[in-house]
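Here the sequence shown is numbered in the numbering used here, starting from 2 and rising by one per residue. A virtual CB, placed ideally from N, CA and C, is assigned to each residue, including glycine. Worksheet for the structure shown next.
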Amino acid sequence: MPAEEASAAIVLRARDYSESDRIVTLLTRDFGKLGGIAKGAKASRRRFERKLEPFSHAMLYFRRRPHGQLVFITRAEAAAELRPFNIDDNLAKIALGSYMLELADAMTSEGAEAKGAYQVLSEALGTVSQAGADPALRQSFELKFLRWAGFGLEFARCRQCAARSCQEAASYFVVSRGGIVCARCRPSVPEGAIRMEGASVVALARLGEADLAEASRIGPAGADAALAISRFLSSVLDRKLRSTAFLDSVMGGNPRA
2 MPAEEASAAI VLRARDYSES DRIVTLLTRD FGKLGGIAKG AKASRRRFER
52 KLEPFSHAML YFRRRPHGQL VFITRAEAAA ELRPFNIDDN LAKIALGSYM
102 LELADAMTSE GAEAKGAYQV LSEALGTVSQ AGADPALRQS FELKFLRWAG
152 FGLEFARCRQ CAARSCQEAA SYFVVSRGGI VCARCRPSVP EGAIRMEGAS
202 VVALARLGEA DLAEASRIGP AGADAALAIS RFLSSVLDRK LRSTAFLDSV
252 MGGNPRA
């Protein structure tokens, strides 16, 4: 029999399977993203303590299945070092938290190392739990997760000439370059560049560097910045996340295109 393994984990998705089983998608601290099946989960409160729902943060114990893609989850337990995420007491928190789960799911691959992704998601959900939903927190989370995935966006200087004047005047975000170009270099970039005000560029640069807990103090970048991030995410994922429309409707503001 395969040895039992364990890791801190966040439940990204869950669904019932048969009358008593549960299939879950987990982002673990030590093994990346895993899919697992918990036999008898709906009947056994002792082994799983209701820790197999989205947003659950627990120690998961499992065994590898020799000929199956899903690991066999043996138990789930609370741990003192794993703070629970209190998300379900507020609609805006549920909307932002659900978006964070979906983005993390979309940008990770099963079995690949993802400790950094787990850390970003854990910190983000903890901040939502304690401080509530905030547009600035959303933007900061998006920037940090993109950086973890290797898509760090450049807002400090022009991608074309490296000038730093972009934070003082209007500039243009170019999806294909993953950053901004200054007004002087604008004629050299393709159509579809998003015009951005200097204040939005400054805000995004700060949100990308600051801790997630500091996001609300910094404040969100403008609608131009939100559109730039949305367009870039859509290009990376080749689709728009399903939770985006719900999040936009709950948190208000201009829906992202």
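CB contact flag (ALA96, PHE233, <8 Å):
Locating residue 96 in the sequence shown gives position 95, where the first residue counts as 1. Locating residue 233 in the sequence shown gives position 232, where the first residue counts as 1. Going by beta carbons, ALA96 and PHE233 fall outside the 8 Å limit.
Any 3 or more C-beta pairs closer than 8 Å across the stretch 72-90 and the stretch 207-227:
Cβ pair count under 8 Å is below three, so no.
Rounded distance between the beta-carbons of ARG30 and LYS259, thought under 8 Å
Residue 259 lies beyond the residue range present for the chain, which begins at 2 and ends at 258; the question has no answer from this structure.
DSSP three-state label for ILE88, please.
For this step, residue 88 is matched to residue 87 along the sequence shown. Under the three-state reduction of DSSP output, ILE88 falls in the coil class, being neither helix nor strand.
Any idea what DSSP makes of VAL175, helix, strand or coil?
Within the sequence shown, the letter at position 174 stands for residue 175. Note: VAL175 maps to strand in three-state DSSP.
Write down the C-beta distance between ARG76 and TYR62 rounded to the nearest angstrom, noting that I regard them as a contact closer than 8 Å.
Mapped onto the sequence shown, residue 76 falls at position 75. Mapped onto the sequence shown, residue 62 falls at position 61. The Cβ separation is near 5 Å, so the contact holds.
Out of GLY193, ASP225, ASP212, PHE56, state which residue places its alpha-carbon closest to the alpha-carbon of SER141.
Numbered from 1 along the sequence shown, position 140 holds the residue referred to as residue 141. Minimum Cα distance to SER141 is reached at ASP212.
Where do the N-terminal and C-terminal ends of the beta strand (DSSP E) with VAL12 fall, by residue?
As a working mapping, residue 12 is identified with position 11 in the sequence shown. VAL12 -> beta strand (DSSP E) spans 6-18.
Under 8 Å, do GLU111 and LEU13 count as touching if we go by C-beta distance?
Indexing the sequence shown from 1 puts residue 111 at position 110. Indexing the sequence shown from 1 puts residue 13 at position 12. Their beta carbons are not under 8 Å apart, which means GLU111 does not touch LEU13 by this criterion.
Would GLY98 and VAL129 qualify as a contact pair, given that the criterion is a beta-carbon distance under 8 Å?
Residue mapping note: residue 98 aligns to position 97 of the sequence shown, counting from 1. Residue mapping note: residue 129 aligns to position 128 of the sequence shown, counting from 1. Their beta carbons are under 8 Å apart, which means GLY98 touches VAL129 by this criterion.
Where the beta strand (DSSP E) containing LYS43 begins and where it ends:
In the sequence shown, the residue the question calls residue 43 occupies position 42. Careful: LYS43 lies outside any beta strand (DSSP E) and carries neither H nor E.
Whole runs of the beta strand (DSSP E) within the stretch 137-212, excluding any shorter than 3 residues:
Entirely contained in the stretch 137-212, the beta strand (DSSP E) runs reaching 3 residues are, in chain order, 172-175, 180-183, 195-197.
Which residue marks the beginning of the beta strand (DSSP E) containing LEU27, and which one marks its end?
The residue you call residue 27 lines up with position 26 of the sequence shown. From DSSP, the beta strand (DSSP E) with LEU27 extends over 22-29.
DSSP beta-bridge partners of ILE74:
Walking along the sequence shown from the start, residue 74 turns up at place 73. Looking at the DSSP output, ILE74 sits in a beta bridge with PHE63.
Any chance the stretch 158-169 sits against the stretch 178-194, with 3 or more Cβ pairs inside 8 Å?
Enough Cβ pairs lie closer than 8 Å, so yes.
Sequence-distant residues of the same chain with beta carbon closer than 8 Å to MET2, five excluded per side:
Here residue 2 corresponds to residue number 1 of the sequence shown, with the count starting at 1. Taken in chain order, the residues that qualify are ARG64.
Check whether the Cβ atoms of ALA118 and LEU238 lie closer than 8 Å to each other.
Start at 1 with the first residue of the sequence shown, and residue 118 comes out as number 117. Start at 1 with the first residue of the sequence shown, and residue 238 comes out as number 237. Contact flag unset, no.
Measuring CA to CA, which of ILE181, VAL251, ASP135, MET101 is closest to ILE219?
The residue you call residue 219 lines up with position 218 of the sequence shown. Closest by alpha carbon: ASP135.
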